[in-house]
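**Q** Quick note: the sequence shown, position 50, residue 50 per full-length UniProt numbering, numbers continuous.
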Amino acid sequence: MFCSPASGPAPAPPTPSLPAPGAQMFLGNSSVQVSTRLFHRLGNRRMSLFAQELATLIFGKETLAKSTLTGKVKTAETLDPEKVNAIIGTDILY
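1) What are the boundary residues of the alpha helix (DSSP H) that includes Val73?
2) Can you name the start and end residues of the alpha helix (DSSP H) that Val84 belongs to?
3) DSSP puts Gln24 in a beta bridge; with which residues?
4) DSSP puts Thr63 in a beta bridge; with which residues?
5) Are the beta-carbon atoms of Gly89 and Ser35 separated by less than 8 angstroms?
6) Just tell me which of Arg37, Arg41 and Leu69 has its CA closest to the CA of residue 149.
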């Protein structure tokens, strides 16, 4: 008995769809939005690094450099509590 080769190439595995350029997503149950693409780029990191980079994505390096969580330092600004809570409440599903 002869085995015939498969007819044609095997179908390609499905490609995950990429978010549209400029697409935004909400973080947790908040009104805080970030770029969907940039958020998904953070997904393969350790939790501590993920949180740091998400904070940088939301606030920016300059704001983080001159701010505190509590506002106890008189020369520093307090970070927006809604944005801080959005970072804390973000579920990582990876």
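Heads up, the beta-carbon is just placed ideally off N, CA and C, and yes, glycines get one too.
Keep in mind the model is a prediction, meaning the values are calculated, not measured.
**A** According to the structure shown:
1) Residue 73 sits at position 73 when you count from the first residue of the sequence shown. It is not in any alpha helix (DSSP H) - Val73 carries neither H nor E in the DSSP assignment.
2) Your numbering for residue 84 matches position 84 in the sequence shown. Unbroken alpha helix (DSSP H) run through Val84: Pro81 to Ile88.
3) Within the sequence shown, the letter at position 24 stands for residue 24. According to DSSP, Gln24 bridges with Ser35.
4) Sequence index remark: in the sequence shown, residue 63 carries index 63 (1-based). Paired residues: none, contrary to the question.
5) Taking the sequence shown and counting its residues from 1, the one referred to as residue 89 is at position 89. Taking the sequence shown and counting its residues from 1, the one referred to as residue 35 is at position 35. Contact: no.
6) Residue 149 falls outside the range modelled here, since the chain spans only 1 to 94, and no answer is possible.
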